[in-house]
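> Residue numbers (the UniProt record's numbering): 1 to 746.
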Ligand SMILES: Nc1ncnc2c1ncn2[C@@H]1O[C@H](COP(=O)(O)OP(=O)(O)OP(=O)(O)O)[C@@H](O)[C@H]1O
Ligand SMILES: [Mg+2]
């Protein structure tokens, strides 16, 4: 998860866009809950054929009562203030008076209510006896007012005894005044809107319903717009983030030293750039869009549900920890499963690359069967692992849905119990559980269900979020593990530039091994003067190419040192070193590009004349100009290949164009035919003038122009000398010579 978080941080530069998408998500959540809230007026209309006029009239009555109640409270405070000593017996007497007044009014109101309800029962329909109802409402209002006064007195007695110097009455009075101005503002607002509602809004139940539906549809449309914006913004942020991660990753990978490429395998690297990046992208998308949006939607509905009835809502939420634990466990299993499937995918890339790159060998040795088998086994293993991932993914959906349904059912059962029994307590035998603050009507309950169901939709959508993110976390681990590798061969912090080589190259007691165990080079001592041409000869695997890799600092020496003009290679900037070295290696590497660009690789500013001059020098010009597109021929396109000798000559031209101070030719002419070899040898001879040249070759005939020959055997320098000297002194050299001579004459 840590690695995933690290990669998510790449989104930081795009926070403004992300902020905008967040704002859209908030709007989506608000509109979502607003649309669900439309259920309530809908139910009111359906049950009581209510309309807006009725609603506003009721609101006005409610606010009026509220204002009167607040007035009564304020009046009560004034009475207490006028009494002088609030702790005295006068207050007690006053309390008795108020209490009596309240009791009387309450009784009267109750009697009237009963009579009114009986009247409804007799006439059989609500709304009967409008006059009675108005009288009842007036009585009830009276009772509320008396209640408010009594309430204020009780509250005041709580405040006693007073702290000296404080007067809680003032504070109370101020807060009541605030409340009163608030209530009267609402009252006047309702009064102001009443005539407009009467005039413009439909007063029939059905028409009101139509209006409501139009509003809901408009709401859904606006919500859709915000949803669209959010998704587009998130996709933008996600792609930009991925763009940065890819480039950062590529830069880090290029900076790694060669050892990483040889033991990681390029197909493994490619898998990390493609397959793993894909999984990461999905996770990022989920994180940036769903993880933000769905909980917001759930929260907005949840707050309505809590506001409607927090007790029932909390009861419904007892299953939430269970869901969370389930999701967490599923996530862990998921991450493991995904890691395995990603590894399997890497292996497939490996097989593909090996087979296609070596297709000639595969076919020549008729190994199609074996490759098919290998591919079959690995894809089968991927199939199993992927199905496992899909199974875990698919399981999470129904499980969470069940949990969500159970959640709503709990609230449904408890709520129905309350409504059916007309109570606010759930009788559990031993004790009673209060589940509502007031008796719930059926529409209140249905409204609560609608909001709870509204929560379950985002929760369901969140179901596979966890597994998606775990999937991305597994990919992030693989990406970061490579990104965190430190190149072992790196510039020192204040490495100096290496000036152009003009004096000597020294190998001083150089020891080296690739794996830290088996020594490849042992005690190599060699000093080469500027301008000298040194040939390295020796049997296969004796360490010639390795010596040159150390000179180019692809690897660092294990012991001893290599110095150019007295500068230890480890103390100079790698760039300044390598830019002085022209290299033609055993395996010629060309890029899918024009021949001209392949020759100019490493020297982008070279003009066409320079490119042609280099090609002429390496005797490549002739065959290049014979091609239909000449220097513009794209290598590798349309199956157009080059022969081994042609490739070597292009590589030679590339090295020559660089004008290097040091030239390394590792079997540079091994594939060139005998006729051309003589020409190229001459070209190299000319070109190596004034440059220090290392020549690795098995064809001992080309050693004539070398100033010195270094004979290497099993990682040691066996002897150094000219051709004739070595022939005299070294039996190994004589044997190599004989073999070469036999081959030449055969
Ligand atoms: N990247 C590598 N990782 C581990 N071992 C390596 C690596 N490259 C070469 N070796 C080993 O180091 C030894 C010397 O290899 P090197 O390529 O220097 O031989 P060479 O003298 O150039 O041979 P050849 O004449 O065949 O080109 C060999 O035994 C080889 O197995
Ligand atoms: Mg070699």
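All C-beta atoms, glycine included, are put in the ideal place defined by N, C-alpha and C.
(1) Could you check the C-alpha separation between residue 484 and residue 490 for me, to the nearest Å?
(2) Would you say the beta carbon of residue 586 is closer than 7 angstroms to some non-hydrogen atom of ligand 1?
(3) My understanding is that residue 305 touches residue 451, with C-beta atoms under 8 angstroms, so please give their C-beta distance in whole angstroms.
(4) Classify residue 704 as helix, strand or coil using the three-state DSSP reduction.
(5) Out of 150, 112, 118, which one is the CA nearest neighbour of residue 134?
(6) Helix, strand or coil for residue 567 per DSSP?
(7) Does residue 682 pass the burial test, meaning 16 or more other C-beta atoms within 10 Å, or should it be called exposed?
(8) Measuring only from the beta carbon, is residue 699 closer than 7 angstroms to any heavy atom that is part of ligand 2?
(9) Does the segment 334-351 come within contact of the segment 359-368, defined as at least 3 CB pairs closer than 8 angstroms?
(10) With distance defined between alpha-carbon atoms, name the residue in 75, 213, 635, 708 nearest to residue 531.
(11) Looking only at its chain, what residues have a beta carbon closer than 7 angstroms to the beta carbon of residue 615, apart from the 5 residues adjacent to it on each side?
(12) Using 8 angstroms as the threshold, is the segment 553-566 in touch with the segment 495-509, meaning 3 or more CB pairs across them?
(13) If I follow the unbroken beta strand (DSSP E) through residue 625, where does it start and stop?
(14) Quick check on the DSSP output: what are the complete beta strand (DSSP E) runs of length 3 or more inside the segment 656-697, in order along the chain?
(15) Please state whether DSSP places residue 585 in a helix, a strand or coil.
(16) Cα-Cα, which of 351, 356, 358 is closest to residue 373?
(17) Quick check: what's the CA-CA separation for residue 639 versus residue 651?
(18) Which partner residues of residue 496 appear in the DSSP bridge assignment?
(19) Looking only at C-alpha atoms, which of 605, 656, 594, 19 sits nearest to residue 629?
(20) Residue 472 and residue 292 look like a contact to me (Cβ under 8 angstroms); what is the Cβ gap, rounded to whole Å?
(21) Pop quiz: residue 16 and residue 226 are said to be a contact at Cβ under 8 angstroms. What is the actual Cβ separation, rounded to whole angstroms?
(22) How do the segment 260-277 and the segment 319-339 stand: do at least 3 beta-carbon pairs fall below 8 angstroms, yes or no?
(23) Return helix, strand or coil for residue 430, following the three-state DSSP convention.
(24) Return the residue from the list 256, 550, 46 that minimises the CA-CA distance to residue 509.
(25) Are residue 335 and residue 474 closer than 8 angstroms when you measure CB to CB?
(26) Given that a residue counts as buried once 16 or more other Cβ atoms are within 10 Å of its Cβ, and exposed if not, what is residue 138?
(27) Per DSSP, residue 508 forms a beta bridge with which residues?
(28) Assign residue 533 to one of three DSSP states: helix, strand, or coil.
(29) Taking 8 angstroms as the cut-off, decide whether the C-beta atoms of residue 723 and residue 703 are in contact.
(30) Give the DSSP-derived three-state secondary structure of residue 443 in the structure shown.
(31) Taking residue 109 and residue 140 to be in contact with their CB atoms under 8 angstroms, please state how far apart those CB atoms are, rounded to whole angstroms.
(32) Which of the three DSSP states, helix, strand or coil, is assigned to residue 594?
(33) Return helix, strand or coil for residue 716, following the three-state DSSP convention.
(34) List the residues that DSSP assigns as beta-bridge partners of residue 519.
(35) With respect to the alpha helix (DSSP H) encompassing residue 3, which residues constitute its N-terminal and C-terminal limits?
(36) Below 8 angstroms between beta carbons: does that hold for residue 245 and residue 47?
If we stick to the structure as given:
(1) If you number the chain shown from 1, residue 484 lands on position 484. If you number the chain shown from 1, residue 490 lands on position 490. For residue 484 and residue 490, the distance between alpha carbons rounds to 15 angstroms.
(2) What you label residue 586 is simply residue 586 of the chain shown in a count that begins at 1. Under cutoff, so the answer is yes.
(3) Taking the chain shown and counting its residues from 1, one reaches residue 305 at position 305. Taking the chain shown and counting its residues from 1, one reaches residue 451 at position 451. Right, their Cβ atoms sit about 4 angstroms apart.
(4) One-based indexing of the chain shown puts residue 704 at position 704. Residue 704 falls in the coil class under three-state DSSP.
(5) Locating residue 134 in the chain shown gives position 134, counting from the first residue. The candidate whose alpha carbon is nearest that of residue 134 is 112.
(6) One-based indexing of the chain shown puts residue 567 at position 567. DSSP places residue 567 in strand when its eight states are reduced to three.
(7) Locating residue 682 in the chain shown gives position 682, counting from the first residue. Exposed, because fewer than 16 other Cβ atoms sit within 10 Å of the Cβ of residue 682.
(8) Counted from its first residue, the chain shown places residue 699 at position 699. For ligand 2, not one heavy atom lies less than 7 angstroms from the Cβ of residue 699.
(9) no
(10) As a first step, residue 531 must be located in the chain shown, where it is residue number 531. Of the listed residues, the one whose Cα sits closest to residue 531 is 708.
(11) Sequence index remark: in the chain shown, residue 615 carries index 615 (1-based). Excluding sequence neighbours, residue 615 sits near 599, 621, 624, 653.
(12) yes
(13) Looking up residue 625 in the chain shown gives position 625. Note, residue 625: premise wrong, no beta strand (DSSP E); alpha helix (DSSP H) at 621-625.
(14) 662-666, 692-696
(15) Stepping through the chain shown from its first residue, residue 585 is reached at position 585. Three-state result, residue 585: coil.
(16) Against the chain shown, residue 373 aligns to sequence position 373. The shortest Cα separation from residue 373 among 351, 356, 358 belongs to 351.
(17) Residue mapping note: residue 639 aligns to position 639 of the chain shown, counting from 1. Residue mapping note: residue 651 aligns to position 651 of the chain shown, counting from 1. A caution first: residue 639 carries a pLDDT of 46, below 50, which makes its placement in the model too unreliable to give a value.
(18) Along the chain shown, one-based indexing puts residue 496 at 496. In the DSSP output, where bridge partners are listed per residue, residue 496 has 572.
(19) Numbered from its first residue, the chain shown carries residue 629 at position 629. Cα-wise, what sits closest to residue 629 is 594.
(20) Counted from its first residue, the chain shown places residue 472 at position 472. Counted from its first residue, the chain shown places residue 292 at position 292. 15 angstroms between Cβ atoms; not a contact.
(21) Locating residue 16 in the chain shown gives position 16, counting from the first residue. Locating residue 226 in the chain shown gives position 226, counting from the first residue. That pair is no contact at about 17 angstroms.
(22) no
(23) Locating residue 430 in the chain shown gives position 430, counting from the first residue. Of the three classes helix, strand and coil, the one that applies to residue 430 here is coil, per DSSP.
(24) Working through the chain shown from its first residue, we reach residue 509 at position 509. Cα-wise, what sits closest to residue 509 is 550.
(25) Taking the first residue of the chain shown as position 1, residue 335 is located at position 335. Taking the first residue of the chain shown as position 1, residue 474 is located at position 474. Their beta carbons are under 8 angstroms apart, which means residue 335 touches residue 474 by this criterion.
(26) On the chain shown, position 138 is the one that residue 138 refers to. It is exposed - the Cβ of residue 138 has fewer than 16 other Cβ atoms within 10 Å.
(27) Translated into the one-based positions of the chain shown, residue 508 becomes position 508. 561, per the DSSP bridge assignment.
(28) For the purposes of this step, residue 533 is identified with residue 533 of the chain shown, where counting begins at 1. Strand, per DSSP.
(29) Counted from its first residue, the chain shown places residue 723 at position 723. Counted from its first residue, the chain shown places residue 703 at position 703. In this structure, residue 703 lies closer than 8 angstroms to residue 723 by Cβ.
(30) Taking the first residue of the chain shown as position 1, residue 443 is located at position 443. Note: residue 443 maps to helix in three-state DSSP.
(31) Working through the chain shown from its first residue, we reach residue 109 at position 109. Working through the chain shown from its first residue, we reach residue 140 at position 140. Yes, they are in contact, since the Cβ atoms of residue 109 and residue 140 sit about 5 angstroms apart, within 8 angstroms.
(32) For the purposes of this step, residue 594 is identified with residue 594 of the chain shown, where counting begins at 1. Looking at residue 594 - three-state DSSP - the assignment turns out to be strand.
(33) Walking along the chain shown from the start, residue 716 turns up at place 716. Residue 716: strand per DSSP, three-state reduction.
(34) As a position in the chain shown, residue 519 is number 519, starting the count at 1. According to DSSP, which records beta bridges pairwise, residue 519 is partnered with 513.
(35) Along the chain shown, read from residue 1 onward, the residue named residue 3 stands at position 3. Here the alpha helix (DSSP H) through residue 3 covers 2-8.
(36) For this step, residue 245 is matched to residue 245 along the chain shown. For this step, residue 47 is matched to residue 47 along the chain shown. Contact flag unset, no.
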